[in-house]
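Student: This structure is in structure tokens; I'll ask about it shortly.
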Amino acid sequence: MAVIEDVRALGSELERSYPVYVRGRLKFRVKQIVYVAFSLDETVMEFAFPKEERAALVAGEPEKFRLPSESDLRFNWVRAELAALDPAEARELVVDAWRMVVPQKVSRAYDLAHPGGPGERREPG
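Per this note's numbering, the sequence shown runs over residues 251 to 375.
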């Protein structure tokens, strides 16, 4: 079961990414583009995801994923119940969403620095 603390540090550590609070909700941005947002109660994570793939994602795992609100359907956006995700999966979704909003050279540099991917949480040290 994932919780917001499983991804909060990651969202702050990714290159060009920074946290903001909008109406009490934690969101992560690159420049002005939001790529991850959490509900006020921190139980739902919304994240950037390719529009052409989201119907399959939601249909494949409806216990985890939902389409965004009707007003957000025009955006590349999906919702996930954090409790239905494991921590590694939540981190992978954050990194994949971040990849959608940064230049490819930034994404490639991340891959070189993290060959095992974002699934494993590193202890601060």
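Note that the Cβ used here is the ideal one computed from N, Cα and C, for glycine as well.
1) Classify Y271: buried if its beta carbon has 16 or more other beta carbons within 10 angstroms, exposed otherwise.
2) Of the choices E313, E342 and R329, whose alpha-carbon is the least far from that of E320?
3) Apply the 10 Å Cβ neighbour rule to A306 and answer buried if 16 or more other Cβ atoms are within range, or exposed otherwise.
4) State buried or exposed for E302, treating a residue as buried only when at least 16 other CB atoms are found within 10 Å of its CB.
5) Could you give the residue range of the beta strand (DSSP E) that holds P365?
6) Can you tell me the Cβ-Cβ gap for Y285 and A347, rounded? I've got them flagged as a contact below 8 Å.
7) Could you give the first and the last residue of the continuous beta strand (DSSP E) run that contains P269?
8) Excluding sequence positions up to five away, which residues of its chain have a Cβ less than 6 Å from the Cβ of A340?
9) Can you tell me the Cβ-Cβ gap for V294 and V351, rounded? I've got them flagged as a contact below 8 Å.
10) For E313, is the classification buried or exposed, using 16 other Cβ atoms within 10 angstroms of its Cβ as the cut-off for buried?
11) Is DSSP giving E302 helix, strand or coil here?
12) When DSSP labels each residue in this structure, what does K277 get in the three-state scheme?
Tutor: Quick look at the numbers:
1) Working through the sequence shown from its first residue, we reach residue 271 at position 21. With fewer than 16 other Cβ atoms within 10 Å, it is exposed.
2) The residue you call residue 320 lines up with position 70 of the sequence shown. Nearest of E313, E342 and R329 to E320, Cα basis: R329.
3) In the sequence shown, residue 306 corresponds to position 56, counting from 1. Its Cβ having fewer than 16 others within 10 Å, A306 is exposed.
4) Stepping through the sequence shown from its first residue, residue 302 is reached at position 52. It counts as exposed.
5) Reading the sequence shown from its first residue, position 115 is the one you call residue 365. Premise fails: P365 is in no beta strand (DSSP E) and is neither H nor E.
6) Against the sequence shown, residue 285 aligns to sequence position 35. Against the sequence shown, residue 347 aligns to sequence position 97. With 8 Å as the limit, Y285 and A347 qualify as a contact, their Cβ atoms being about 4 Å apart.
7) Here residue 269 refers to the residue found at position 19 when the sequence shown is read from its first residue. S267 to V272 is the span of the beta strand (DSSP E), which, as asked, contains P269.
8) Position 90 of the sequence shown holds residue 340. Counting only Cβ-Cβ distances below 6 Å, and skipping sequence neighbours, we find A252, D256 and V257.
9) Here residue 294 refers to the residue found at position 44 when the sequence shown is read from its first residue. Here residue 351 refers to the residue found at position 101 when the sequence shown is read from its first residue. Not quite, the Cβ-Cβ distance comes to about 20 Å (not below 8 Å), so this is no contact.
10) One-based indexing of the sequence shown puts residue 313 at position 63. It counts as exposed.
11) The residue labelled residue 302 in the question sits at position 52 within the sequence shown. If DSSP states are grouped into helix, strand and coil, E302 belongs with the helices.
12) Counting from one through the sequence shown, the residue named residue 277 turns up at place 27. Reduced to three states, the DSSP call for K277 is strand.
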